[in-house]
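Data first, discussion second: the structure below is written as structure tokens.
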Amino acid sequence: MPRVTVVLVRAALVYLVAGAAVGTLLMGAKAGYQLPALVTRAWPLHAEMLLFGWMVQLALGVAYWILPKHAAAPVRGPVGPVVLAALFLNLGVAAAALGSVVDHAGLATGGRVAELAAVILFAVNAVPRIKRFGRD
Amino acid sequence: MPIQTRLFVRFALGYLLLGLVAGVVMAVDPAWRFLWPTYLHVIVVGWLTQLIFGVAFWLFPRASRDRKRGREGFIWATLVLLNVGLVLRILAEPFDLGRAAGPLLMASALCHLGAAVGFTANIWPRMGSGR
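Chains as they are written, first to last, in our numbering: chain A, 1 to 136; chain B, 1001 to 1131.
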């Protein structure tokens, strides 16, 4: 398993546990337990962490590992765009989630733009690898 | 395909069907829209996450020759916690269970947190440090 996949999958696992922990706090508030008011506003954080931090990040990591390889090195295509995609995705998830919780439109928008950039960078690597097995 | 994966995938398909039926019910009669948060979690946790857990447990690199798919106790705990948590949520969230609802909903969320930790504990060491 390539190193960038290990990083992406482990980051996804961190977001899975963190997102579930935030979900537990949200459920505590819903169940009527006395929790700080900030907790009741944390559902965008919960959704962002689990949708983009967990699921999208896991998909990108596994796709880089498992899509058809090229015949010539680098067999999985250029790794630079994927490393940048990982960086942008994680910065984007953190910014979009924080921006939603503290109601800061600039931060939330910046986070979304970073997430978009991450997916475009990932596509630079992945699109040429979407081909029949055995084709260069 | 290991037994745990077969169970994860079968449960996942069951929740997909249940979620789609709930979607039809909400579309036909808007009075059932109170099912929305439960519907969302049945699809995202019961179907998507459960399918991911099952397939990842099956296909991710093996931990070692003698411990092929890592510590299997963690994945059994994950399977039980995810599904018990979802059943508790399906019972306690949409229907009026009075004073029992709060503790059941908290138990549901804690089960899901435990499932996330259990899955992580199984998968994390199986990836090595990359090469």
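Ideal placement from N, C-alpha and C gives every residue a C-beta, glycine not left out.
If you check the CB distance, B/Leu1048 and A/Met55 come in under 8 Å. Between the C-alpha atoms of A/Gly110 and A/Ala95 there is a straight-line separation of about 7 Å.
Restricting attention to alpha helix (DSSP H) runs no shorter than 4 residues, the stretch 1001-1045 of chain B encloses them at 1003-1028 and 1036-1041, ordered along the chain. In this structure, B/Ala1109 lies near A/Gly23, with their beta-carbon atoms less than 8 Å apart.
Close partners of B/Leu1105 in chain A (Cβ separation under 7 Å): Met27, Lys30 and Ala31.
Of all residues in the stretch 70-92 of chain A, none is placed with a Cβ closer than 9 Å to any Cβ belonging to chain B. Less than 8 Å divides the Cβ of B/Pro1002 from the Cβ of B/Arg1069. Taking a C-beta cut-off of 8 Å against chain A, the contacting residues of the stretch 1105-1128 of chain B are Leu1105, Met1106, Ser1108, Ala1109, Leu1110, His1112, Leu1113, Ala1115, Ala1116, Val1117, Phe1119, Thr1120, Ile1123, Trp1124, Met1127 and Gly1128, listed in chain order. A residue is called buried once 16 or more other Cβ atoms fall within 10 Å of its Cβ, and A/Ala72, having fewer, is exposed.
Sixteen is the threshold: since fewer than 16 other Cβ atoms of the shown chains lie within 10 Å of the Cβ of A/Gln34, the residue is exposed. Fewer than three Cβ pairs drawn from the stretch 1051-1067 of chain B and the stretch 1100-1109 of chain B lie within less than 8 Å of each other, which leaves the two stretches out of contact. When the alpha-carbon of A/Arg10 is set against those of A/Gln57, A/Lys30 and A/Gly32, the nearest one is in A/Gln57.
Secondary structure at A/Ile130: coil, using DSSP grouped into helix, strand and coil. Counting along the chain, the unbroken alpha helix (DSSP H) around B/Gly1118 starts and ends at Ala1101 to Ile1123.
Closer than 8 Å to the CB of B/Ile1090 there is not a single CB belonging to chain A. Between A/Ala31 and B/Leu1091, the CB-CB gap reaches or exceeds 8 Å. Cα atoms of A/Ala59 and B/Val1025: separation of roughly 31 Å, rounded to the nearest angstrom. Boundaries of the alpha helix (DSSP H) harbouring A/Arg3: Arg3 to Lys30, taken from the DSSP string.
Around the Cβ of B/Phe1095, a 10 Å sphere holds fewer than 16 other Cβ atoms; the residue is exposed.
Taking a Cβ-Cβ cut-off of 8 Å, the neighbours of B/Leu1048 in chain A comprise Met55, given in sequence order.
At the C-beta level, B/Val1042 and B/Leu1086 come within 8 Å of one another. No Cβ-Cβ contact shorter than 8 Å links B/Ile1075 with B/Gly1046. Contact of A/Val39 with chain B is not assigned, every C-beta pair being separated by 8 Å or more. Among the residues facing chain B, A/Ala21 is included, as its CB has a counterpart in that chain under 8 Å away.
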